[in-house]
Every structure is written in C-alpha cells, then in structure tokens.
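Some notes on the structure that comes next.
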Amino acid sequence: MAFPPDLFLIGAPKAGTTTLAEVLDSHPEISLSRPKEPHFLTQNRELGLEWYRECFDGPEDRVLLDASTSYSTDPLGTLGRDTPLAGVPERLHELSPEARLIYVVREPVARSYSAYWHDVRLGYERLPFREAIAQDPMYLAASDYAGQLERYLPYFPLERILIVRAEDLWRDAQGVAGECFDFIGVPRVAEEDLPALHKNRSYTFNGVGRYLYRILQDDRSLKRAANLARRVMPESAYRAVGRALTKEIPPLDSGHREELEAWFAPKNRRFRELTGIGIGQE
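Spelled out as structure tokens, the structure:
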C-alpha cells in the first residue's frame, strides 16, 4: 500500500463530497479511507501516523484517497491560528508534497444554509440561522472558497488542484467523474460501472425523528440494528421511513439571502480571478 495518500478530497462540507467520494471509491484503482473522513490533519492529529495508516487498505498500486471535508474549513482569521482547523495546507504538504487535491464548491449561500440545518438536525445548533452565523463564523468561512484556496496556493499550484462545482456533479456525474479520473491519472470507467447517484435531500427531523435519533445516539446496540436494517432494507422502503421521520427545511428568507449574496460577492469575484470558475452572485 502506497502510504501516505496522495489524493485528497478537501471539501467543501455540504457540497456533494460524499457523492463524489463514492464515485471515486468505485474505481478499481482508487481506495477511499475508512472512515471516509479521518480528519487526521485537523482534529485527529494526536492519534498519530500509525492510526492514520490503519485507515487505509488495498494493494500497493492503489491511489489512496482521504476525503476529509475539514481540510477546507480554515476559520480565515476569525478564531485565531491555534485551532486544529488552521494550518492544514502546510501539514498536508509536509505529509504528501506531491498530492493532488479535489475541491468541491457549491453556491455559497446554499452551502452555508445547508451546513446550518445539518447541525440543527444533529442537535449541535439551536439558534436561528441569522444568530447562528453571527456567533459561529465557520458557517460562512467554509463558503469563502477564495479564502480557503488561497491558504493552499503557497504549497500546491493550481495545476494540482481540481475544482468541481457541486451543481455540475449533480447535473452530470458521469462527465465530472471522467474529469476527476483524468486528473488523478486513472482510466475512465463506463457509466454503468459507476454507483447510482442522487442529490441528497435537505431535511431536518420532525418530533418523532428527533426522539428516535437521540435514542440511537445513546444506545449503540440499537444504532447497530438500525445500520443493519439500512443495509438490508429495499431503497424504496428506506426512503419511505425517512420521509415519515423528517420534514423539508424551510426556505431562506429572500431578504437575508440577498444580504448574504452581497457579502459573498467580492469573495466570489476573487474565486473567479483565481480559477476562472464562477460560483454564485458577483
């Protein structure tokens, strides 16, 4: 096994990285870490290199992939430099100086709002969205793609970074997969050999769903049983259960969306200057 990995799917969170990781892992020459997001260069640094090595398995000639989305969540000066989320590009370069990076980006307001509701769903966030982004700068910092990218450029030239728009991935997974395989240097695969893909639905738990979620988090045996049921249950039945326990997230207030679009506009322009890729209002 050719450790350390030389392929990193660095984010962004809530931008289709799980979907793309599944696509890449389906290739016979690519091996995704287990877990998908070891976060070795951020919150799990203290676990050591041998722990990180055990996250990977496969033949010597496999391309090893780390898909930790925390690698593009630098606080960009809002939390200081002593947080484990800062300094990732330098540590990544020390670990794997010839690494190739894939960075998935999504319209920034939508990504920030989705990240907020993800935290609400898991019980990490209780504040209304406007208050939450005022208290936790990471909701917006992770959507400042230019700011995140500029942290990497002193260590990795743009030629070693592939930018993927989540919207393109959801629209044309086969085409984006081909671009990724070309970038990685492995043969393209036929569409029928790719996993069935879908854009994850944005949702939060209803009252029953929240109750069951708390029970599953507190009882490991129940959680294992639920995971087993997920593997053996027909997809249609699984989705029906999901719909019964969840509800759609409310739309973002249009006035607040316009405020955030204006806030992101100069950052989106900078991202286009760096990459030639448009993402959101400018």
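Going by full-length UniProt numbering, the residue at position 239 of the sequence shown is 239; the numbering climbs one at a time, nothing skipped. Beta carbons are placed, not taken as given, at the ideal position from N, Cα and C, and that holds for glycine.
Problem - Secondary structure of I163, DSSP reduced to three states - result: If DSSP states are grouped into helix, strand and coil, I163 belongs with the strands.
Practice task
May I ask you to report which of helix, strand or coil DSSP gives E98?
Solution key: Per DSSP, reduced to three states, the secondary structure at E98 is coil, with no helix or strand assignment.
Handout entry: Separation of H256 from R268, as counted between CA atoms
Key = The question names Arg, but residue 268 in the sequence shown is Asn. It is roughly 18 Å from the alpha-carbon of N268 to the alpha-carbon of H256.
Exercise for the section: Identify which residue in P84, P187, L149 and P108 has its Cα closest to the Cα of L260. Expected result: When each option's Cα is compared against that of L260, the closest is P108.
Handout entry: Residues of its chain near I163, where Cβ-Cβ distance is below 7 Å and the 5 sequence neighbours each way are ignored
Key = Its chain contains Y103, V105, T275 and I277 as the residues whose beta carbon lies nearer than 7 Å to that of I163, once the 5 sequence neighbours on both sides are disregarded; these appear in chain order.
Handout entry: Contacts around E192, its chain only, beta-carbon distance under 8 Å, and the 5 residues preceding and following it disregarded
Key = Nothing meets the Cβ criterion.
Exercise for the section: Count the other C-beta atoms from every protein chain shown that fall within 10 angstroms of the C-beta of A37, then say buried if there are 16 or more, exposed otherwise. Expected result: It is Glu, not Ala, that sits at residue 37 in the sequence shown. Counting C-beta atoms within 10 angstroms of its own C-beta, E37 has 16 or more neighbours from the protein chains shown and is therefore classed as buried.
Practice task
Spell out a yes or no on whether the region 28 to 47 and the region 75 to 92 are touching, meaning 3 or more CB-CB pairs, one atom from each, closer than 8 Å.
Solution key: Counting C-beta pairs with one atom in each stretch, the region 28 to 47 and the region 75 to 92 have three or more that are closer than 8 Å, which means they touch.
Practice task
Evaluate A15 with the Cβ neighbour count: other Cβ atoms within 10 Å of its Cβ, from every protein chain shown; 16 or more gives buried, anything less gives exposed.
Solution key: So A15 ends up on the buried side.
Exercise for the section: Would you check if the region 17 to 33 and the region 131 to 138 touch, i.e. whether three or more CB-CB distances between them fall below 8 Å? Expected result: In short, these stretches do not touch, since the Cβ pair count stays below three.
Practice task
Look at the alpha carbon of W170 and the alpha carbon of F183, and state the distance between them as a whole number of angstroms.
Solution key: In this model, W170 and F183 are separated by some 19 Å (Cα to Cα).
Problem - Reference E258, options V23, A110 and T73, closest by Cα - result: Answer by Cα proximity: A110.
Exercise for the section: Measure the Cβ-Cβ separation of R62 and A2 and say whether it is below 8 Å. Expected result: Taking a C-beta distance under 8 Å as the contact criterion, R62 and A2 qualify as a contact pair.
Practice task
Just list the beta strand (DSSP E) runs in the region 17 to 94, keeping only unbroken ones of 3 residues or longer that don't cross its boundaries, in chain order.
Solution key: Within the region 17 to 94, the runs of beta strand (DSSP E) that reach at least 3 residues and sit entirely inside it are, in chain order, 30 to 32 and 63 to 66.
Problem - Beta-carbon proximity list for V241, same chain, < 7 Å, skipping 5 on both sides - result: Because V241 carries a pLDDT of 45, less than 50, the predicted location of this residue cannot be relied on, and no value is offered for it.
Practice task
Enumerate in chain order the residues of its own chain whose CB-to-CB distance from G147 is below 6 Å, with the five nearest sequence positions on each side excluded.
Solution key: Answer for G147: L76, listed in chain order.
Exercise for the section: Could you tell me if the beta carbon of V120 falls within a distance shorter than 7 Å of some heavy atom in the ligand GDP? Expected result: Here there are no bound small molecules, and the ligand GDP is not part of this structure.
Problem - C-alpha gap between F8 and D66, whole angstroms - result: F8 and D66: Cα-Cα distance of roughly 5 Å.
Handout entry: Own chain, CB closer than 8 Å to A21, minus 5 neighbours either side, in chain order
Key = Taking C-beta separations shorter than 8 Å and ignoring five residues to either side along the sequence, the partners of A21 in its chain run L9, L32, K36, L65 and A67, following chain order.
Handout entry: Cβ-Cβ distance between A262 and V23 below 8 Å
Key = Going by C-beta atoms, A262 is not nearer than 8 Å to V23.
Practice task
Just the C-alpha distance for R126 and P157, rounded to the nearest angstrom, thanks.
Solution key: For the pair R126 and P157, the Cα-to-Cα distance works out to about 40 Å.
Handout entry: Rounded C-alpha distance that separates G48 from P251
Key = Roughly 42 Å between the two C-alpha positions.
Handout entry: Rounded C-alpha distance that separates D6 from S112
Key = Going by the C-alpha atoms only, they are around 29 Å apart.
Practice task
Whole angstroms is fine: what's the gap from G175's alpha carbon to L101's?
Solution key: Going by the C-alpha atoms only, they are around 18 Å apart.
Exercise for the section: Look at the alpha carbon of T73 and the alpha carbon of E94, and state the distance between them as a whole number of angstroms. Expected result: Approximately 19 Å, taken between the alpha carbons.
Handout entry: Continuous beta strand (DSSP E) stretch holding L7: start and end
Key = Where L7 is concerned, the enclosing beta strand (DSSP E) stretches over L7 to G11.
Handout entry: Beta-carbon contacts of V186 that lie in its chain and below 7 Å, excluding the five residues immediately before and after
Key = If we look at V186 and ignore the five residues flanking it on each side, its Cβ neighbours are H27, E29, I30 and V63.
Exercise for the section: Answer with buried or exposed for G280, where buried requires no fewer than 16 other C-beta atoms within 10 angstroms of its C-beta. Expected result: Residue environment: G280 is assigned as buried (16 or more neighbouring CB atoms within 10 Å of its CB, all protein chains considered).
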